[in-house]
């Protein structure tokens, strides 16, 4: 890969080993929110932190091929719409424990993509300002 | 009672930073400290002596649980504080781009 | 007793964070206060909040360090040091006095009122089917809170995109 951008080789190797584990831990925290400590918000922030870890190690350009702001906004809007739909479904008398993992998933989609997009915008601001 | 008062002292440290300091980053840090103390105060109100965490187990009856309503409220507060810090940092970076400083008394053009 | 120690540690870390000259060390003081808060949540029997606070703290420190790491900040000279400090201390003193008067009306530590949450504790498992009662409250009993919180995060994203619009567009 490109060895010019990002941090040193040691950090990149350790990041390749650990980022999948962090992502799986976030999904676990997200999905077991109704039987143990955890929930949609904590899981969403952990998922966002795994992607932020990737950005910090490899630099911005390696991540921009997979994900950018316009694609992130689609995820944000779909998460918000799904949570709105699920939470207003209670008017029809439909509720129960089967809905909780879906609610947690919608909230985690909104939170993780929202924090990730905000972090991307901040990184763009800081680096553009530094170059001048 | 002494715990409540120590929590108030933590609040007043953050309030001192917001009122007295001139650096924008120090003001954001003061807002963060105030947010911590308010979360701690909400949880301290709902605690019960020798209480248990509000998570049920399958085959045993757990008595004497702490208040779960305040925990739900504080969970809302934490995430909203994160969003507030994001917006404050973005505003601080824009102010640094435009005026070249973090000092709030140097931003004269706001006075019109 | 250990709760007193942890809150004393948080006050000390907060004073270091406020009074340090270097911005990086003051951010480290802020993160120390946040980790102490996570520990206090764990002692006060709130594991949900402990996990969330720990994660949010890490993200906060990453953002603040990224915002301030490359800026050289000229040291700010505080003009009229005596007047400003005395005025601030008078303000904080008046606030502490009024808050102490208001604090005496609260129930004592360790004996909450729990008028509403008695029903939540008794009927939560039967009505919602969730073992974690905090999740049962946020997602079922009081789901409008979670809806408003999602609206706040959505508004924050739109706000950040709107504030940083002119030079925030990344074209490379």
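Chains as they are written, first to last, in this note's numbering: chain U, 18 to 149; chain Y, 1107 to 1218; chain A, 90 to 261.
For every residue, glycine included, the Cβ atom is placed at its ideal position computed from N, Cα and C.
With 16 other Cβ atoms within 10 Å as the buried cut-off, status of residue i
i: residue 253 (chain A); result: buried
i: residue 217 (chain A); result: buried
i: residue 1192 (chain Y); result: buried
i: residue 78 (chain U); result: exposed
i: residue 249 (chain A); result: buried
i: residue 215 (chain A); result: exposed
i: residue 238 (chain A); result: buried
i: residue 1211 (chain Y); result: exposed
i: residue 1156 (chain Y); result: exposed
i: residue 95 (chain A); result: buried
i: residue 1176 (chain Y); result: buried
i: residue 257 (chain A); result: The predicted position of residue 257 (chain A) is uncertain, since its pLDDT is 45 and thus under 50; a value taken from the coordinates is nonetheless stated next. By the 10 Å Cβ count, residue 257 (chain A) comes out buried.
i: residue 1107 (chain Y); result: exposed
i: residue 149 (chain U); result: Confidence is the limiting factor: at residue 149 (chain U) the pLDDT is only 38, short of 50, which leaves the residue's position unreliable, though a coordinate-based value still follows. Label assigned to residue 149 (chain U): exposed.
i: residue 155 (chain A); result: buried
i: residue 247 (chain A); result: exposed
i: residue 90 (chain A); result: exposed
i: residue 85 (chain U); result: exposed
i: residue 189 (chain A); result: exposed
i: residue 97 (chain U); result: buried
i: residue 1194 (chain Y); result: buried
i: residue 157 (chain A); result: buried
i: residue 235 (chain A); result: buried
i: residue 233 (chain A); result: exposed
i: residue 219 (chain A); result: buried
C-alpha gap between residue i and residue j, whole angstroms
i: residue 206 (chain U); j: residue 65 (chain U); result: Because residue 206 (chain U) is not part of the residues shown, which for chain U are 18 to 149, the question remains open.
i: residue 50 (chain U); j: residue 244 (chain A); result: 25 Å
i: residue 106 (chain U); j: residue 1138 (chain Y); result: 36 Å
i: residue 261 (chain A); j: residue 56 (chain U); result: Model confidence at residue 261 (chain A) stands at a pLDDT of 48, short of 50, so the residue's coordinates are unreliable; what they give is reported in the following sentence. If you take the alpha carbons of residue 261 (chain A) and residue 56 (chain U), they lie about 37 Å apart.
i: residue 1111 (chain Y); j: residue 223 (chain A); result: 27 Å
i: residue 175 (chain A); j: residue 1150 (chain Y); result: 32 Å
i: residue 81 (chain U); j: residue 62 (chain U); result: 20 Å
i: residue 18 (chain U); j: residue 142 (chain U); result: Confidence is the limiting factor: at residue 18 (chain U) the pLDDT is only 48, short of 50, which leaves the residue's position unreliable and the question unanswerable from this model.
i: residue 1205 (chain Y); j: residue 22 (chain U); result: 30 Å
i: residue 1146 (chain Y); j: residue 129 (chain A); result: 8 Å
i: residue 221 (chain A); j: residue 1164 (chain Y); result: 11 Å
i: residue 226 (chain A); j: residue 108 (chain U); result: 17 Å
i: residue 192 (chain A); j: residue 178 (chain A); result: 20 Å
i: residue 98 (chain A); j: residue 170 (chain A); result: 28 Å
i: residue 36 (chain U); j: residue 27 (chain U); result: 14 Å
i: residue 1170 (chain Y); j: residue 132 (chain A); result: 16 Å
i: residue 67 (chain U); j: residue 173 (chain A); result: 44 Å
i: residue 76 (chain U); j: residue 140 (chain U); result: 10 Å
i: residue 147 (chain U); j: residue 187 (chain A); result: Caution is warranted here: a pLDDT of 48 is assigned to residue 147 (chain U), below 50, making its placement in the model unreliable, and no coordinate value can be reported.
i: residue 1135 (chain Y); j: residue 110 (chain U); result: 45 Å
i: residue 204 (chain A); j: residue 91 (chain U); result: 43 Å
i: residue 130 (chain U); j: residue 108 (chain A); result: 35 Å
Bridge-paired residues (DSSP) for residue i
i: residue 221 (chain A); result: Y:1161
i: residue 1129 (chain Y); result: Y:1209
i: residue 1154 (chain Y); result: A:199
i: residue 1171 (chain Y); result: Y:1158
Contact test: residue i Cβ vs the ligand HEM heavy atom, cutoff 7 Å
i: residue 176 (chain A); result: The ligand HEM is not part of the structure shown, which contains no ligands of any sort.
Short Cβ contact (8 Å threshold) for residue i with residue j
i: residue 95 (chain U); j: residue 126 (chain U); result: yes
i: residue 123 (chain A); j: residue 1154 (chain Y); result: no
i: residue 1152 (chain Y); j: residue 136 (chain A); result: no
i: residue 1083 (chain Y); j: residue 134 (chain A); result: Residue 1083 (chain Y) lies beyond the stretch modelled for chain Y, which goes from 1107 to 1218, so this question has no answer here.
i: residue 100 (chain A); j: residue 1185 (chain Y); result: no
i: residue 74 (chain U); j: residue 135 (chain U); result: no
i: residue 1124 (chain Y); j: residue 1133 (chain Y); result: yes
i: residue 185 (chain A); j: residue 1118 (chain Y); result: yes
i: residue 58 (chain U); j: residue 124 (chain U); result: yes
i: residue 1121 (chain Y); j: residue 181 (chain A); result: yes
i: residue 60 (chain U); j: residue 46 (chain U); result: yes
i: residue 118 (chain U); j: residue 48 (chain U); result: yes
i: residue 1142 (chain Y); j: residue 126 (chain A); result: yes
i: residue 32 (chain U); j: residue 70 (chain U); result: yes
i: residue 1161 (chain Y); j: residue 115 (chain U); result: no
Check: Touching or not, the stretch 1123–1137 of chain Y and the stretch 105–118 of chain A, by the rule of three or more beta carbon pairs under 8 Å?
Finding: Inter-segment contact for the stretch 1123–1137 of chain Y and the stretch 105–118 of chain A is present: three or more beta-carbon pairs are separated by less than 8 Å.
Margin query: Across the stretch 134–145 of chain A and the stretch 1171–1185 of chain Y, are there enough close Cβ pairs to call them in contact, namely three or more that are closer than 8 Å?
Written below: Cβ pair count under 8 Å is three or more, so yes.
Margin query: Pairs of beta-carbons, one from the stretch 93–104 of chain A and one from the stretch 114–128 of chain A, closer than 8 Å: are there three or more?
Written below: Yes: the two stretches touch, three or more of their Cβ pairs being nearer than 8 Å.
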